[in-house]
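In my numbering, each residue's number is its place in the sequence shown (first place is 1) plus 9.
Cβ coordinates follow ideal geometry from the N, Cα and C atoms, glycine included.
It should be emphasised that the depicted structure is a prediction, and the values quoted were computed from it without experimental measurement.
Okay, structure first, notes after.
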Amino acid sequence: MSSRIAAVTGRQLWDSRGRPTVEAEVTLESGAVGRAIAPAGASRGAHEAIDLRDGGSAYGGFGVNRAVAGIGAEIAGALIGADARDQAAVDRILCDLDGTANKARLGANAVVAVSMAVLHAAAADAGAPLWRYLADGRKVRIPLPEIQIFGGGAHAGRRTDVQDFMVMCPNAGSFRRALEITDDVYRAAGRLMEEKGPLSGVADEGGWWPNFSSNEDALDTLTKAIEASGHRAGEDVFISLDIAANEFGDASGYALALDDRRLSGAEMAARIIDWAGRYPILSIEDPAGQDDWTTMAAITARIGDRVQIIGDDVLVTNAGRVARAAEAAVCNAALIKVNQVGTVTEARAALDAALDRGWGAIVSARSGESEDVTIAHLATGWNAGQLKVGSFTRSERMAKWNEMLRIEEAIGSHAEWAGFTAFADPIGRVAA
Ligand code: PGA
Ligand code: ZN
């Protein structure tokens, strides 16, 4: 019985936006099998690893035939015989084989699916659920979920500039309870949206479609929804925002279309700081463009002692960028998306770079997802402390939340809730 790789195959499946995506399947000599599906972003950073798409007219150019073909030929040829239990060696083979800095040749979609499928096969070979295989005997915490109530930005036809209006319940005490509270808030928000006009369905990640007259209107409505749900804003439930400012700005300025305002970097910082003072906000992601570190550092300097400032497009799950951003005190938490960098090992390195610096770390889904639940296991097994998946509808999102409920149940009475310990010091200390 050996954990050496015996076969690697790829296939085209469909993601939550109805676009082609890549699934990889890895079989070991022992017979253990692992499978994983690549997710896909819509608000991507310029420094991310790049998916290989077929282009042309079929499927709007989003076909993945070339990425799938690469898995069955080149990638299989290079990986057969490698030990699946040595993820670092497997991922090094993938990186060397691709040969580019951003996985552009084989495609980050092909590489990430294979890298995660190898990980699943290794866990199956060890006879352990993936989270426990990753924890490897170390104590882990149940991650704190960040859950979307309204979608916006690139996930909702840019009807709001801010991309994600989310909630966090660090005092919930358990994952199960955090979901129950979030469900109350989600329903209350739906009732308030109905009062504003006909409900127009949901955005890409399952949050209510945003029907607002300004970005602040959305913030007001979310605060009202928390209060109407019977929970206390700023105690039971906090607001978390992904500004995704990269989508509407850069170092030369920020164009808030819904507010009909163009802001300089300094004005953008002032607006974010103002919001953090007037709303029960605990976390803000990408409040400035990917290369506008000046604005982001100014925001962190002013409110970083009480608000989590997350780098997503700014850091792109790259350990080197995390190190440079830490030097410049750009933020105090890192979003971790495996497909942003391409392999499990590189994503783990970015996560460790963040945690080693006392930062928060959030394992995150993409806006294009599937039934793949790998990230629930990564967030738990890596003891990341936080998990961002999207909203509280649509099965590609609920699959991850439901998997977390199974994991929490499996850990049982030993389960330790991350809560405020998920945040960088001193945010956790202040808020607790
Ligand atoms: P994306 O957005 O997956 O569309 O890039 C998610 C995020 O910005 O966090
Ligand atoms: Zn983001």
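Excluding sequence positions up to five away, which residues of its chain have a Cβ less than 7 angstroms from the Cβ of residue i?
i	result
G81	T18, G19
G369	Q317, N341, A342, G394, Q395, A431, F432, A433
T191	I156, V176, C178, F401
G64	G70
A126	A33, E34, V35, G43, R44, A45
R241	none
E405	S25, E378, S379, E380
Is the distance from the Cβ of residue i to the Cβ of residue j below 8 angstroms?
i	j	result
I319	A393	no
V31	V77	yes
E155	Q349	no
A51	S249	no
S292	S25	no
G399	G215	yes
T354	A16	no
A374	V331	no
I46	D381	yes
F159	L265	no
R62	G54	no
E455	R13	In the structure as shown, the chain starts at 10 and stops at 441, and residue 455 therefore has no counterpart that could be examined.
R311	I290	no
Buried or exposed: which applies to residue i, given that a residue is buried once 16 or more other Cβ atoms fall within 10 Å of its Cβ?
i	result
H129	buried
G162	buried
L208	exposed
T109	exposed
E294	buried
H423	exposed
I112	Looking at the sequence provided, one finds Lys at residue 112 rather than Ile. It is buried - the Cβ of K112 has at least 16 other Cβ atoms within 10 Å.
P152	buried
P435	exposed
R280	buried
W284	buried
W140	buried
W23	exposed
A67	exposed
K205	exposed
R200	exposed
W409	It is Lys, not Trp, that sits at residue 409 in the sequence shown. Its Cβ being crowded by 16 or more others within 10 Å, K409 is buried.
K148	exposed
Go through its chain and collect everything with a Cβ distance to residue i's Cβ below 6 angstroms, but skip five positions before and after it.
i	result
D300	none
S273	G262
M413	F184, A385
L228	Y288
Y142	A132, A135
G210	W218
A335	R366
T36	A15, A16, V42
A187	P154, C178, A181
A212	G160, H164, A165, W218
D107	R114, L115
What do you reckon, is the C-beta of residue i under 7 angstroms from a heavy atom of the ligand ZN?
i	result
A253	yes
E214	no
E1	In this structure the chain extends from 10 to 441, so residue 1 is not present and cannot be described.
D300	no
D321	yes
Nearer than 7 angstroms: is that true of the beta carbon of residue i relative to any heavy atom of the ligand PGA?
i	result
A163	yes
G50	yes
Q21	no
L344	yes
S373	yes
Q157	no
Q395	no
Q317	no
S249	no
S400	no
R53	yes
S1	Residue 1 cannot be examined here, being either before or after the span of the chain that is shown, 10 to 441.
Is any non-hydrogen atom of the ligand SAH found closer than 7 angstroms to the C-beta of residue i, if you look at the structure I gave you?
i	result
Q96	Ligands present in the displayed structure are limited to the ligand PGA and the ligand ZN, and the ligand SAH is not among them.
Considering only residues of the same chain and omitting the five flanking positions on each side of residue i, which have a CB-CB separation below 8 angstroms?
i	result
R168	G161, W218, P219, N220, F221, L267
Counting contacts by CB-CB distance shorter than 8 angstroms, is residue i in contact with chain D?
i	result
Y263	Within the model displayed, chain D is absent; a lone protein chain is all it includes.
Contained beta strand (DSSP E) runs [length at least 3] in the region 80 to 155, N- to C-terminal order: none
Complete runs of the beta strand (DSSP E) confined to the region 291 to 353 [at least 3 residues]: 317 to 320, 342 to 345
Runs of beta strand (DSSP E) lying entirely within the region 181 to 262, each at least 3 residues, in chain order: 247 to 251
Beta strand (DSSP E) runs contained entirely in the region 27 to 62, provided each spans 3 or more residues: 29 to 37, 42 to 46
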